[in-house]
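For the sequence shown, counting from 1, position 136 maps to 136 in UniProt numbering; every step adds exactly one.
Ideal placement from N, C-alpha and C gives every residue a C-beta, glycine not left out.
Notes to accompany the following structure.
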Amino acid sequence: MMKFTFSIALTIGIAFLSGCGPKYVLHDVKGTVTYNGKPLNDEGCSITFLSPTGKDATAKVAPTGEYLAKGVVEGPNTVAVYYSNPEAAKPRSPGEKAPKSTSPLRNLPMHYADPKTSKLTVEVAAGTVYDVDLKGPTLK
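Below, the structure is given as C-alpha cells:
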C-alpha cells in the first residue's frame, strides 16, 4: 500500500512540475530605434514585440534610441513603436488633468503604434539585433 501511495504522489508531482501552459522559447532582443535616421532623443518611447500566440514583450527606448527587450518569443513577431507621455504618470490632485506633452515624439505617425498596422516585423532567435528606422514627416 505504501508503494502505491508513493507512486500516486510521484505521478501527481511530476504532472504538477511539467505544467499545463504552453511552452515558449524566449530570447532577449536589442537594437536601436531611430526616426528618419536620427535617435529619438526623448523619454517616453517604447517598443513592443507581439508573437502570433499573442504573448508580448515591451521595452523602454532610451533617448539614444537603444533598447533591450527581454523575454521575446522565438519566431516571427510583429512590432509596434509608440510614445507615452511620462508627465501623465506623475501624481496630481484629484480632478487635475494630465499635462499635455511638449515632446515631438507625441507626433510619431500613428500606424507605428499598433503591431497590426506598423508593417514592422522581425524573426526572433538567439542573439537577435533589431534596428528600426521609422519614417515620416519632420516631428515638431
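Val122 places its beta carbon 8 angstroms or farther from that of Glu74. Shown here, Tyr83 sits in a strand according to DSSP, grouped into three states. Taking the Cα of Cys45 as reference, the smallest distance to any Cα among Pro91, Tyr112, Asp28, Leu120 is reached at Tyr112. Rounded to whole angstroms, the gap between the alpha carbons of Tyr83 and Pro63 is 12 angstroms.
Between the C-alpha atoms of Pro52 and Pro109 there is a straight-line separation of about 24 angstroms. Ala69 is positioned such that its CB atom lies closer than 8 angstroms to that of Ala57. Asn77 sits in a strand when the DSSP states are folded into three classes. Per DSSP, Tyr35 is one residue of the beta strand (DSSP E) stretching across 26-35.
Here DSSP, grouped into helix, strand and coil, assigns Ala59 to strand. DSSP places Asp133 in the uninterrupted beta strand (DSSP E) bounded by 132-134. For the set Val29, Thr78, Val33, the Cα lying nearest the Cα of Asp114 is the one of Thr78.
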